[in-house]
Each structure stands twice: as structure tokens, then as C-alpha cells.
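Engineer: Chains as they are written, first to last, in numbering that gives the first Met the number 0: chain U, 0 to 118; chain W, 0 to 670.
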Amino acid sequence: MKKILVAEDEKVMRYMIRDFLESFGFEVILADNGLEAYVLWKQYSPDLVLTDINMPKMNGIDLLKKIKHIKPEFPVIVMTGVTIEKSVKLAEESQANAILEKPFKMKDLVTIINQSIVI
Amino acid sequence: MKRKSVLILLLLLIVCANSLAFELNDLEKKLLAERKVFKILVSPNNYPYEYLNSNDEFEGINIDVYRALFHKLNRKVSFTHEDESIYDIDLVSSFVTNQRFQDLSTNSFFTVYYYALSTNLNISSTKQHNIYMIKQDLSKTILPEFASNKQFIYSDISLAYHDFTNDRNGLLLVDNFHKTIVDELMQMSNKSFSNKRLNTEIDAKLWLKNEDRTLYLIITKVLNEMLYNNEITCIVSNWEKKSNKKVLFERNYEQFYVISFFFTILFIAVIILLYYYNVMKKDLILNSYDTISRNKELMLHNHDLKLIISQMEQENVTVLNNLSNIALTIDLKGTIRFVNKSFSDILGYNNHTIIGTNIDDILQHGDTVKLLSLNPDSSQKQENEIVIKSAEGFYKTFIYNTNFSKTVDGETNINCILQDISERISLDNRLEAYTTHLEELIKQRTQVLKQSEEQFRFIVEHAYDGIVLMQNFKIQLANQAFYQIVGVDSDKESLDNTSFLNVIPQDEHKEFLETFNNATNNKEESFIIVHKVSVSGNKTIDVETHFTSINYSDKILELAILHNIEEKKAKERELIEHEKFLTVSSFAITANDKINSPLNAILGYTELLDVQTEKKTKTQRNAFDNIYESIGIIQKILNQLKSMTKVTMENYNFDNQKMLKIDDEYTDEHK
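(1) Should residue 196 of chain W be labelled buried (16 or more other beta-carbon atoms within 10 Å of its own) or exposed?
(2) Just checking: is the beta-carbon of residue 596 of chain W within a distance shorter than 8 Å of some beta-carbon in chain U?
(3) Using a Cβ-Cβ cut-off of 8 Å, state whether residue 602 of chain W counts as contacting chain U.
(4) Using the Cα positions of residue 35 of chain U and residue 463 of chain W, report the straight-line distance between them to the nearest angstrom.
(5) Over what stretch of residues does the alpha helix (DSSP H) that includes residue 433 of chain W continue unbroken?
(6) Would DSSP call residue 295 of chain W helix, strand or coil?
(7) If contacts are defined as beta-carbon pairs under 8 Å, then residue 274 of chain W and residue 178 of chain W qualify, I think. What distance do you get, rounded to the angstrom?
(8) Which residue from U:108, U:45, U:5, U:53 puts its Cα closest to that of residue 589 of chain W?
(9) Are any of the Cβ atoms in chain U nearer than 8 Å to that of residue 608 of chain W?
(10) Counting only beta-carbon atoms, is residue 98 of chain U nearer than 8 Å to chain W?
(11) Going by C-alpha distance, which of U:40, U:19, U:33, U:47 is nearest residue 114 of chain U?
(12) Around the C-beta of residue 147 of chain W, are 16 or more other C-beta atoms found within 10 angstroms, so that it is buried, or is it exposed?
(13) Could you pull out every residue in the same chain whose Cβ sits closer than 7 Å to the Cβ of residue 496 of chain W, ignoring the five residues on either side in sequence?
(14) Relative to the alpha-carbon of residue 346 of chain W, which residue among W:457, W:419, W:468 has its alpha-carbon at the smallest distance?
(15) Provide the residue span of the alpha helix (DSSP H) that contains residue 518 of chain W, from first to last.
(16) Can you tell me which of W:486, W:564, W:515 puts its alpha carbon nearest to the alpha carbon of residue 557 of chain W?
(17) Nearest-angstrom Cα distance between residue 193 of chain W and residue 49 of chain W?
(18) Please state whether the Cβ-Cβ distance between residue 15 of chain U and residue 600 of chain W is less than 8 Å.
(19) For residue 95 of chain U, collect the residues of the same chain with a Cβ closer than 8 Å to its Cβ; drop the 5 residues on either side in sequence, then sort them by chain order.
(20) I need the straight-line Cα distance from residue 55 of chain U to residue 101 of chain U, nearest angstrom please.
(21) Along the chain, where does the beta strand (DSSP E) that runs through residue 465 of chain W open and close?
(22) Assess contact between the region 387-399 of chain W and the region 346-366 of chain W, defined as three or more Cβ pairs (one per stretch) separated by less than 8 Å. Is contact present?
(23) My output table needs one value for residue 391 of chain W: the three-state DSSP class, helix, strand or coil.
(24) Which stretch, first to last residue, makes up the alpha helix (DSSP H) that contains residue 584 of chain W?
(25) By DSSP's criteria, residue 415 of chain W is part of a beta bridge. Which residues make up the other side?
(26) Which residues of the region 41-67 of chain U have a Cβ closer than 7 Å to any Cβ of chain W? Give them in chain order.
(27) Does chain U have any CB closer than 8 Å to the CB of residue 624 of chain W?
(28) Could you confirm whether any beta carbon from chain U is found closer than 8 Å to the beta carbon of residue 520 of chain W?
(29) Establish whether the CB of residue 593 of chain W and some CB of chain B are separated by less than 8 Å.
(30) What's the C-alpha gap between residue 252 of chain W and residue 52 of chain W?
(31) Rounded to the nearest angstrom, how far is the Cβ of residue 166 of chain W from that of residue 118 of chain W, given a contact under 8 Å?
(32) Against chain W, which members of the region 17-36 of chain U pass a CB distance test of less than 8 Å?
(33) What first and last residue would you give for the alpha helix (DSSP H) that runs through residue 353 of chain W?
(34) Measuring CB atoms only, is the region 595-612 of chain W touching the region 15-25 of chain U, in the sense that at least three cross pairs come out at less than 8 Å?
Listed below in C-alpha cells is the structure:
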């Protein structure tokens, strides 16, 4: 069973993603900020990280940079509520595997996750 | 045996007689018990009664009486004479001439009578007599009328008698003791002279120094006992016998006259020879003594002088060592003989090693000759300076003063006093350099000031800010910009000597003057007032005026720099509008972001339900479609909102801290 680490500060969104991915057979680990996500990533060694950009304590871009610095090939999918060119550019520069603009369809998310893990 | 027992009995009788002769009461015994030795003051020159013999021992009739007296009392006795200390004496002999002791007396133990023998029958006080006497100078006491006459005192009665017989005015003064001898001499020489017993008598007595009644009684008792036993008579007769032996010799004198004369001549010759020999020897010795003592004095004097010189030298060295200037002594060859402490302090040389070296080694070339030439002309300042090389190799300049001195060995030395002026020269040079620097600085400053003035003038003339110089609000000078601000054509109208208040709207005068006066009363040198000024067409503009008090041509003027803040205010308004826009945009962005997440949750859960509901009714299908359509509509509205705030979004910082917290309550409710 593949482990997905979800970093999202919005509680409802976080639980919705968990419920949806679990129904598709994934094991989901939840974190409500970037810093907690980084600690859990090191602790549980998940197969993929799904992170929002705007989060307290540590934002999604910084989490992405830290993970890629340690494991450049590790798959990270970035979600954003506002498509700001600057943040998108930073995410691209930091080699995010995919950038999803909210609201997105969960089926599309599952497809991207499956593609990223296979890769 | 019988003779022995008779002798013992006799002795016992004598002892008993002596012991029973006088009795002492308890008080007298107590006094004697307290005193072991008694001291008697006697005359040192009163033969045969009391006198000092050749061994400096007291002898005489009285002395023997005193000794016998204190022997009876079993106490020791010592004698002293007037020249010695008389403070601790107990008793005084009557022959002591000091009258102050003659207040108290004991009983006299014998009396001395005096006889005056004269070669001339008439003894008269008006006539000059030559008085001959034996040892004792008693003429004042015995013959006070002849006290001023010429007196001859002899040690021997026969010699006195001999000289007396040959003097027509002679007067021989003898006591009864010597009277018998003189009588015998007269008998021998078949001569007779007038013979008169004098009224004056002297009693041999023992006086008490103090009124000690007990001691007086003791002595009286003992003397009475001695007189009773004829002991004193025995003592006197013993002395008479001694004197008679001398007289026997005198009796043969004439029989051996020729022999005596011969021997006398011989003796005199020997004496004269001895005298001359002694005199010569004495002279020689005296001369030697004189020379020795003179030498001694000279040596002492010399020693004293040496000490004084040594002290003076020491003092001089101390004084020289305490001098801040260098003291230097050199000989005529330039060899250093002395340097003081300042020499090592200033020049760094070791004083012990430098002495003996030549001054030329440390002087600059030519300065040695200058120094040896002595006493330079002080009016020529440069001639008075020499340069000395220090131990570190630096050259130091000194002014010097010199003089000659001669040593004990006769050598000529030159004493120099050197004053270090290197520092003064250095200071002079520095001062000169500083003066030059200051002059240069003044030149530069003057130039800068000129440039500043020109720049200031240029700035004032071409400044965008209005600049006004005024006194009591009366405009003295105003630049072009001021004219432009207040909308007056400077070519047509001059604002000089008009009131600055004229450019301020009437209704603002009060507020402006209050602010101005408050600032000046608080002695603020510089302050800013924001106020309005009237411009053409009854319009006003906002200006910010910077007031400063300045001195200008000995007058205190107010410099007012007016800055048009209309543009600034417009920019402020624009900035506020922009801020408002940014706030709205930020809100829109935040709202967009915060709406998108729950919207995505709704979409996600709808999808989940849609997936999980395999067989849907028509109503359920319509409901899912309606939800998806509604979400699409919301998403379109959000996209439109997003496009409206596009500009803001480009600069949007996605840092969460800057996002507006609009969802706290919402989130908390759903938690």
C-alpha cells in the first residue's frame, strides 16, 4: 500500500483528500503545516507528498525545496488556491512534479499521483 | 709576769680613763651612729697650723688636733680647702679666711698671739714698712693698717729673719710659735729689735658649718677632755721640737759662712748654667712646641678646609645633578671631566663611560672649537648653539654658557651649562608648519565659502522651493520660486518690504501666528509650519515652511523656505487610494484562496459520493449535476475576481503571514 503525505492547513480539505485517497487504496498521513509535514516525511518515508502552498510555520515551496534538496527524485505535488505566477514559477524551479490549481477534480489528482509514483 | 700584769693594768686604767672622760647622751650617740666620716674645711697655706705639704697632704698642729679629736670619737675625718667644693663640709677650721663661716664656734683649744718686730723703733701706720712674714698672709687681719704695704712672704723663718735684719724699714710679723725661734736667732746674732706683742689674737677653733647643737656639744666635750689631758699641748710641743731642728741648722750657718758662700757661688753658677741651659732648652722646646702646635693648628685647619671643600663639592654635585640643564666640565683638550645626571637623562649616555672621552666624539663638526672659544656673544643667537649627538644617534640642539676654572692641580677646565632647545625648535617648526597649514586652510575655506556663496546664490535663485528672508515678517529678499508659488510676476511686481503674512489667507493668520510665536517662545532655532498660501484666482495651496533664524549683515533675520506640498499631498492621496486598492485586492486574493479550498472540498466530497453511488436515481443524477454546475459558476466568479486583481497578484507574496485572516471563525466552527 502506497503512503501519501498530505500537507494542508484547511482541515475540511485535508480530511476530504484523506477520505478520497483511502477509498482508492492509499495510506494517508496528514500534516496541517509545512514544518510538521517535513518531520513526518523524515519519520515515515512516504511514497509521495501532496502539499498546499500557503501554510503556517513553513510554506509548501520551502517544504518542496527541503525535500528535493535531500531527495531530488522524490515526487511532490503542489496545490494552490491562487495561481500566482511567482509561486508557480518557484514551484517549477524547485522541480515540483505537478502543480494543481484549486478547485481541481480528485480523479485528476489520483491519476497524477499514480503517474508520479510509477515514475 | 708581774711587769706584764702591771702593764695590762695600766692599759686598762688608760682605756677606762679615756672611756670615762666624756659621756655621750642618746641623741649624740645617734648622730655619731649616722655619720661615719666628717669633712673639715681647712686653710691650705697656714704653716705650721694647717697646710698642704709637698705630697698634697694636709699637715699641721690643727690637723693633728682634729685627727686626735675624731679618733676619740672613733670616726674618720677628711679635709678639704676653700678651692674645693665646700658644700658637703661639716666643720670649718678657724684659720679659714672665709668670714661667712665664723658665726658659730666651739671652745678654742689654743690661742695664737702675734708679735711685730721692727728694725726701726718707730712703728707707725703712716710710715711705709716692708712686712716680712712666714707663709701666712695675715697682714689684713693682724695689721690692717699696713695691709697696703709691701709684703714678703717666706717659707722659712730664718730666711725671713735674715732679710728682715737687712731692711731698715722691715717689719717682721711672727706668731708666738715662731717668736721663740726669732728670739734664739736674735740671741745668736747679738741683735735686738723693737719687740711688740700685737693686740690681735687668733684662737684655734673649730667652727660648725650649720647650727648643729648636738655636734657642737660633742666637740666641746672632746676638746675639753683633750685640754684636760694636755693632749693639745703635747701636739703643739711636738711641732715646736720639729721647728727647733731647723733652727739648729740655722745656728751653724755663720760658722760655715765662707764655705757656704763658696758653695752658694758655685750653686748659683750651676743654677745660672742650668737656668740658661733650661732657658735655651725651654726656648727650643717651646719653639718646637710652638711649631708643633702651629703645625697641629694648620693640620686641623687643613682638615677642616678639606671637610668644607668635600662638603661643598658634594653640595655642588648634588646641585648640578638636580639641574634640569646639562652641566659639563671639559679640559682644554676637550676631554670630558664631569657630567651631571641630566647629561645621561637627556642624551642617554652612561655617565661613567662618557667621562674621559673627548667631547669632539659627540659634537657636530666645528662645535668643539666653538665651545672651547668660551663665552659666546649672546647677542648672536645662532653662535650660542651647539648640536650634540645622543646615544641613540639623534642630534639635539643646545644653547650653552661657559666659564673657566682652575683645579687644585693647576689645570684649566671649562665648565659648560647646556640647555636643551631641541624641543623648542621642534615646537617652533611645528608651530610654523601649523601656521602655514592654518593659512592654507583659511585660503581653502575662503574659497569654499566663496563657492558656497555662489552655490547658495545659485540654489536660492534656481531653487524650486520659495526662499524668503524677512525681518518681523517684512520681506527683505525672495527668490523666483517664491514668486512662482504665490503666483506673482517678479518682473511686474516686487514683494520686497511687504508683509509675509499677506501671502497667507486672512482666516489662517491667527493659527499661523500662534504656531510661530509658540516656536519662537520655546527658543527653537529651527521649526516647520504647514500652512496655506494664497495664489492667484483666490486659490490656496498647502506649503510647508521651514523657519530658521540667521545673522545677516549684523541683523537677525528669519529665513523661510517654502516647499509646495500640493504634489506631495496629491501623492499621499494617491497612495491612500492605492493602499485601499491593495487591501481590497489582498482581500480578494485571500478570499479566492480561502474559498477555493472549501470549494475543492465540496467538489471532492461530491465526487466521492458520486463514485461511491453506483446506481443513481434521476433525482440524484440531477442533484450531482446541479452541484457541479454551481461549483462551476462559483469558480467562474472567482476567476473574474482574480482577473480584476491581476496587478496585485503579480506582486502578491504568498507568505502566509501577510494573508488576511478572514476564515478563523469559519474554520473554528467546522472543527
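Note that beta-carbon positions come from the ideal geometry of N, C-alpha and C, so glycine has one too.
Structural biologist: Taking the geometry as given:
(1) Answer is exposed; the Cβ neighbour count stays below 16.
(2) True, the Cβ-Cβ gap to chain U drops below 8 Å.
(3) By this cut-off, residue 602 of chain W is an interface position.
(4) Between the alpha carbons of residue 35 of chain U and residue 463 of chain W lies a distance of about 59 Å.
(5) It spans 421-461 - the alpha helix (DSSP H) in which residue 433 of chain W sits, taken as one unbroken run.
(6) Assigned with DSSP and collapsed to three states, residue 295 of chain W falls in helix.
(7) The pair is not a contact, with the Cβ atoms about 37 Å apart (cut-off 8 Å).
(8) The candidate whose alpha carbon is nearest that of residue 589 of chain W is U:53.
(9) Closer than 8 Å: no.
(10) Answer no: the Cβ-Cβ gap between residue 98 of chain U and chain W never drops below 8 Å.
(11) Ranking the options by Cα distance to residue 114 of chain U, first place goes to U:47.
(12) By the 10 Å Cβ count, residue 147 of chain W comes out exposed.
(13) The residues are 473, 474.
(14) Out of W:457, W:419, W:468, the CA that lies nearest to the CA of residue 346 of chain W is found in W:419.
(15) Counting along the chain, the alpha helix (DSSP H) containing residue 518 of chain W begins and ends at 508-520.
(16) Taking residue 557 of chain W as reference, the option from W:486, W:564, W:515 with the minimal CA-CA separation is W:515.
(17) About 29 Å.
(18) Taking 8 Å as the Cβ cut-off, residue 15 of chain U and residue 600 of chain W qualify as a contacting pair.
(19) Excluding the 5 residues flanking it on each side, residue 95 of chain U has same chain C-beta neighbours closer than 8 Å at 63, 75, 76, 77, in chain order.
(20) Going by C-alpha positions, residue 55 of chain U is about 18 Å away from residue 101 of chain U.
(21) Run containing residue 465 of chain W: 465-470, per the beta strand (DSSP E) assignment.
(22) Yes: at least three Cβ pairs fall under 8 Å.
(23) Here residue 391 of chain W sits in coil by DSSP.
(24) For residue 584 of chain W, the enclosing alpha helix (DSSP H) stretches over residues 565-611.
(25) Note: residue 415 of chain W sits in a beta bridge opposite W:327, W:401.
(26) Of all residues in the region 41-67 of chain U, the ones placed with a Cβ closer than 7 Å to any Cβ belonging to chain W are 52, 53, 54, 55, 58, in chain order.
(27) So no, residue 624 of chain W is outside the interface.
(28) Interface annotation, residue 520 of chain W: not in contact with chain U, CB-CB separation never under 8 Å.
(29) The chain labelled as chain B is not found among the protein chains of the depicted structure, namely U and W.
(30) Here the model assigns residue 252 of chain W a pLDDT of 43, short of 50, so the residue's position is not dependable and the matter cannot be decided.
(31) By a beta-carbon distance limit of 8 Å, residue 166 of chain W contacts residue 118 of chain W. Their separation comes to about 6 Å.
(32) Cβ contacts with chain W: 18, 19, 22.
(33) Residue 353 of chain W -> alpha helix (DSSP H) spans 350-353.
(34) Pairwise C-beta distances place the region 595-612 of chain W in contact with the region 15-25 of chain U, as three or more of them are shorter than 8 Å.
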